[in-house]
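Engineer:
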Amino acid sequence: MFQQVLQNHTNEVFIGGSIPGHVAINRDREAADDNLFRDYFSATPRFNDAIFRRRYRMSRNLFLRIVDAIKDHDMYFEQRIDALGRFGLSTLQKITAVFRMLAYGLPADATDEYVKIRESTMIESMKRFCRAIVEVFGERYLRSPTPNDVARLLHIGEQRGFPGMLGSLDCMHWKWKNCPTAWAGQYAGRSGSPTIILEAVADYDLWMHAYFGLPGTNNDINVLESSHLFSNLASGIAPPAHYVIQGKEYDMGYYLADGIYPKWTVTFLEKGSAT
Numbered sequence: 001m002f003q004q005v006l007q008n009h010t011n012e013v014f015i016g017g018s019i020p021g022h023v024a025i026n027r028d029r030e031a032a033d034d035n036l037f038r039d040y041f042s043a044t045p046r047f048n049d050a051i052f053r054r055r056y057r058m059s060r061n062l063f064l065r066i067v068d069a070i071k072d073h074d075m076y077f078e079q080r081i082d083a084l085g086r087f088g089l090s091t092l093q094k095i096t097a098v099f100r101m102l103a104y105g106l107p108a109d110a111t112d113e114y115v116k117i118r119e120s121t122m123i124e125s126m127k128r129f130c131r132a133i134v135e136v137f138g139e140r141y142l143r144s145p146t147p148n149d150v151a152r153l154l155h156i157g158e159q160r161g162f163p164g165m166l167g168s169l170d171c172m173h174w175k176w177k178n179c180p181t182a183w184a185g186q187y188a189g190r191s192g193s194p195t196i197i198l199e200a201v202a203d204y205d206l207w208m209h210a211y212f213g214l215p216g217t218n219n220d221i222n223v224l225e226s227s228h229l230f231s232n233l234a235s236g237i238a239p240p241a242h243y244v245i246q247g248k249e250y251d252m253g254y255y256l257a258d259g260i261y262p263k264w265t266v267t268f269l270e271k272g273s274a275t
């Protein structure tokens, strides 16, 4: 019996990766990269601009601008050659997989079938992408309003019959489908399901303030007290907002909001008078 077991063990073929316990899978990433390029990025792509926008949530030109900026910022996204002389994952493969996760809420493993990128690489790509986005575009897009920005917002509000308005303020609850069971009680709000709160101020072209992450058990006032929306105003360093209503001058803008917010955060216009 011992000889039989030894013989069977000798005849077994073990296929493993560089890490013990990992199975080596020939994903044929080169073919996947070629297919991705023909589908969306060739001179005559298989899928048109409308389909690209629906699947990537943006235009092809904007996507390629982001791809170039991220690749120049972080060498991780550059395509390299491995020890066997094979090309690794391309920049388009890694960033396409990231956008599929962000656009559709997919788990990391779900991108493997089309893009041919394993789960651990997908998670690392997501982390590095988010960090690079903040480092590359944060100074321009993730910043407080300047005096010119405030003047533009005031002009937009005045055109729509609300002189002095900086935007519309409200909170919304995003359902957290995969919330850990141990955290469910902390995040379960009025709907009974775990949610995460987003506080947002937006104008008509989606120039916005966003504060995201508090548990769904909070209300709009708790979120407002935690966010930095009025921190500069309270510190006396907010950009000026000069406008006139019924001959009276004001130097502080306001937000439109519902009745739960305290009056010091919002100026209400009722029956043609400012209060």
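In this text, residue positions in the sequence shown follow UniProt numbering: the first is 1, and each later residue adds one.
Ideal Cβ placement from N, Cα and C applies to all residues, glycine included.
Remember, it's a predicted structure, so these values are computed and weren't measured experimentally.
Whose C-beta lies closer than 6 Å to the C-beta of Asp33 among residues of the same chain, with five residues either side of it excluded?
Structural biologist: On the sequence shown, residue 33 is found 33 positions in, with the first residue counted as 1. Same-chain partners within the cutoff: Ser90, Gln93.
Engineer: Please state whether the Cβ-Cβ distance between Trp176 and Ile196 is less than 7 Å.
Structural biologist: The residue you call residue 176 lines up with position 176 of the sequence shown. The residue you call residue 196 lines up with position 196 of the sequence shown. Going by C-beta atoms, Trp176 is nearer than 7 Å to Ile196.
Engineer: Could you name the residues that DSSP lists as bridge partners for Pro194?
Structural biologist: In the sequence shown, the residue the question calls residue 194 occupies position 194. Bridge partners of Pro194: Ala188.
Engineer: Quick check on DSSP: helix, strand or coil for Ala103?
Structural biologist: Taking the sequence shown and counting its residues from 1, the one referred to as residue 103 is at position 103. Of the three classes helix, strand and coil, the one that applies to Ala103 here is helix, per DSSP.
Engineer: I need the DSSP call for His73, collapsed to helix, strand or coil.
Structural biologist: Counting from 1 along the sequence shown, the entry for residue 73 is found at position 73. Looking at His73 - three-state DSSP - the assignment turns out to be helix.
Engineer: With burial defined as no fewer than 16 other Cβ atoms inside 10 Å of the residue's Cβ, what is the status of Glu199: buried or exposed?
Structural biologist: The residue given as residue 199 occupies position 199 in the sequence shown. By the neighbour-count rule (16 or more Cβ atoms within 10 Å), Glu199 is buried.
Engineer: Since Gly185 and His173 are thought to touch, with beta carbons under 8 Å apart, how far apart are those beta carbons, to the nearest angstrom?
Structural biologist: Locating residue 185 in the sequence shown gives position 185, counting from the first residue. Locating residue 173 in the sequence shown gives position 173, counting from the first residue. Not confirmed; about 16 Å, so no contact.
Engineer: Quick check: the Cα distance between Asp170 and Ser120, rounded to an integer number of angstroms?
Structural biologist: Reading the sequence shown from its first residue, position 170 is the one you call residue 170. Reading the sequence shown from its first residue, position 120 is the one you call residue 120. Near 37 Å, if we compare the C-alpha coordinates of Ser120 and Asp170.
Engineer: Between which two residues does the alpha helix (DSSP H) harbouring Tyr261 extend?
Structural biologist: Looking up residue 261 in the sequence shown gives position 261. Taken as a continuous stretch (DSSP letters only), Tyr261 belongs to no alpha helix (DSSP H), as it is neither H nor E.
Engineer: Can you give the Cα-Cα distance for Asn222 and His242, rounded to whole angstroms?
Structural biologist: Taking the first residue of the sequence shown as 1, we reach residue 222 at position 222. Taking the first residue of the sequence shown as 1, we reach residue 242 at position 242. Distance between the alpha carbons of Asn222 and His242 is about 29 Å.
Engineer: Taking the Cβ atom as the reference point for each residue, do Ala97 and Met122 lie within a distance shorter than 7 Å?
Structural biologist: Residue numbering aside, residue 97 sits at position 97 when the sequence shown is read from its first letter. Residue numbering aside, residue 122 sits at position 122 when the sequence shown is read from its first letter. Against a cut-off of 7 Å, the Cβ pair of Met122 and Ala97 comes out as a contact.
Engineer: Could you spell out where the alpha helix (DSSP H) holding Phe129 opens and where it closes?
Structural biologist: The residue you call residue 129 lines up with position 129 of the sequence shown. 119-141 is the span of the alpha helix (DSSP H), which, as asked, contains Phe129.
Engineer: Would you kindly check if the distance between the Cβ of Val134 and the Cβ of Ala69 is under 7 Å?
Structural biologist: Against the sequence shown, residue 69 aligns to sequence position 69. Against the sequence shown, residue 134 aligns to sequence position 134. Result no, Cβ atoms of Ala69 and Val134 do not sit closer than 7 Å.
Engineer: Considering Leu214, what are the terminal residues of the alpha helix (DSSP H) in which it resides?
Structural biologist: The residue labelled residue 214 in the question sits at position 214 within the sequence shown. Where Leu214 is concerned, there is no enclosing alpha helix (DSSP H), although the beta strand (DSSP E) it sits in stretches over 208-215.
Engineer: Answer with buried or exposed for Lys71, where buried requires no fewer than 16 other C-beta atoms within 10 angstroms of its C-beta.
Structural biologist: In the sequence shown, residue 71 corresponds to position 71, counting from 1. It is buried - the Cβ of Lys71 has at least 16 other Cβ atoms within 10 Å.
Engineer: Exposed or buried, what is Tyr254 when buried is set at 16 or more other beta-carbons lying within 10 Å of its beta-carbon?
Structural biologist: On the sequence shown, position 254 is the one that residue 254 refers to. Buried is the call here.
Engineer: Rounded to a whole number of angstroms, what is the C-alpha to C-alpha distance between Pro240 and Met252?
Structural biologist: For this step, residue 240 is matched to residue 240 along the sequence shown. For this step, residue 252 is matched to residue 252 along the sequence shown. C-alpha separation (whole angstroms): 7 Å.
Engineer: In whole angstroms, give me the CA-to-CA distance for Phe99 and Gly167.
Structural biologist: Counting from one through the sequence shown, the residue named residue 99 turns up at place 99. Counting from one through the sequence shown, the residue named residue 167 turns up at place 167. Approximately 29 Å, taken between the alpha carbons.
Engineer: Among residues of its own chain, excluding the 5 on either side of Phe212, which ones have a beta-carbon nearer than 6 Å to its beta-carbon?
Structural biologist: Stepping through the sequence shown from its first residue, residue 212 is reached at position 212. Hits under 6 Å: Leu198.
Engineer: Cα-Cα, which of Cys179, Ile237, Ser227, Ile245 is closest to Leu154?
Structural biologist: Here residue 154 corresponds to residue number 154 of the sequence shown, with the count starting at 1. Out of Cys179, Ile237, Ser227, Ile245, Ile245 has the C-alpha closest to the C-alpha of Leu154.
Engineer: Using three-state DSSP, classify Ile245 as helix, strand or coil.
Structural biologist: The sequence position of residue 245 within the sequence shown is 245, counting from 1. Reduced to three states, the DSSP call for Ile245 is strand.
Engineer: Is DSSP giving Trp183 helix, strand or coil here?
Structural biologist: In the sequence shown, residue 183 corresponds to position 183, counting from 1. Three-state DSSP puts Trp183 in a helix.
Engineer: Please report how far the alpha carbon of Arg53 lies from the alpha carbon of Met165, in whole angstroms.
Structural biologist: Stepping through the sequence shown from its first residue, residue 53 is reached at position 53. Stepping through the sequence shown from its first residue, residue 165 is reached at position 165. Going from the Cα of Arg53 to the Cα of Met165 covers about 32 Å.
Engineer: Is DSSP giving Tyr254 helix, strand or coil here?
Structural biologist: Numbered from its first residue, the sequence shown carries residue 254 at position 254. Tyr254 falls in the strand class under three-state DSSP.
Engineer: Among Asn148, Pro180, Asp220, Asp205, which residue has its Cα nearest to the Cα of Ser193?
Structural biologist: In the sequence shown, the residue the question calls residue 193 occupies position 193. Residue Pro180 is the option with its Cα nearest to Ser193.
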